[in-house]
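Remarks on the structure that follows.
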Amino acid sequence: MMKNFLTAALGLAIVGAATLAQAQAQAPAAAPAAAATPQQAGFVKSVRGSVQLLDGAGATRNAAPGDALGAVDRIVTGPDSSAAVVLRDNTTLMVGPSSRMDLKEFHFDGTTRDGGMLVSLLRGSMRMITGLIGKTNPDAVRVETQTATIGIRGTDFIVQTDGQP
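Residue numbers (the working numbering): 1 to 165.
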């Protein structure tokens, strides 16, 4: 079990690093905060393979770099697919292959730097590099799976779940 987790974690770290490097090479130099309006949680930085976004109203669309990410959107990746998104507080989420991740809650005030987020990993794997919320108020960043809720104390971590309770 631990060997499988470590293998998956290493794989996600490699995919995440490659995705982030690809995103940095493709992305314009604009600041992420400027790319998102206050109603948006952030934007899609890069997509590899089949990635879909499901908004709070239930509408599904294929993800593309630059797409807006709402405060309650779901990201679904296919096999051999991944996505990187940047939130308004500069948190980066890299979603691995065959994953389903919900951004259940996101709010951030760029002036006061007050905010919070709740991310739910339903299936697959993700890597998170926390931004201003995680740095100024770590208790306001939460990640949940079907079997656990994690309070964040670090700034860069990987989570994997098989989707089974």
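From the three backbone atoms N, C-alpha and C, an ideal C-beta is built for every residue, glycine too.
None of these values were measured; they are calculated from a predicted model.
Distance check for residue j and residue i, CA to CA, integer angstroms please.
i: residue 116; j: residue 96; result: 23 Å
i: residue 42; j: residue 159; result: 21 Å
i: residue 110; j: residue 133; result: 10 Å
i: residue 48; j: residue 107; result: 27 Å
i: residue 68; j: residue 147; result: 30 Å
i: residue 122; j: residue 51; result: 15 Å
i: residue 39; j: residue 84; result: 19 Å
i: residue 112; j: residue 79; result: 40 Å
i: residue 61; j: residue 138; result: 32 Å
i: residue 29; j: residue 145; result: Any reading at residue 29 needs caution, since the residue's pLDDT is 39, under 50, leaving its predicted position unreliable; the model's value is listed next. The alpha-carbon atoms of residue 29 and residue 145 are separated by roughly 34 Å.
i: residue 162; j: residue 125; result: 9 Å
Sorted by chain position, which residues of the same chain lie with C-beta nearer than 6 Å to residue i's C-beta, five sequence neighbours on each side aside?
i: residue 114; result: none
Just reading off the alpha helix (DSSP H) that residue i is part of, what are its end residues?
i: residue 136; result: 132-136
Please report the residue range of the beta strand (DSSP E) in which residue i lies.
i: residue 88; result: Unbroken run through residue 88: none, as it is neither H nor E.
i: residue 119; result: 114-129
i: residue 166; result: Here the chain covers residues 1 to 165 and nothing more, so residue 166 does not appear.
i: residue 139; result: Note, residue 139: premise wrong, no beta strand (DSSP E); not H, not E.
Quick one: what's got a C-beta closer than 7 Å to residue i's C-beta in the same chain, skipping five residues either side?
i: residue 86; result: 32, 42, 43, 45 and 92
i: residue 81; result: 48, 49, 50, 51 and 97
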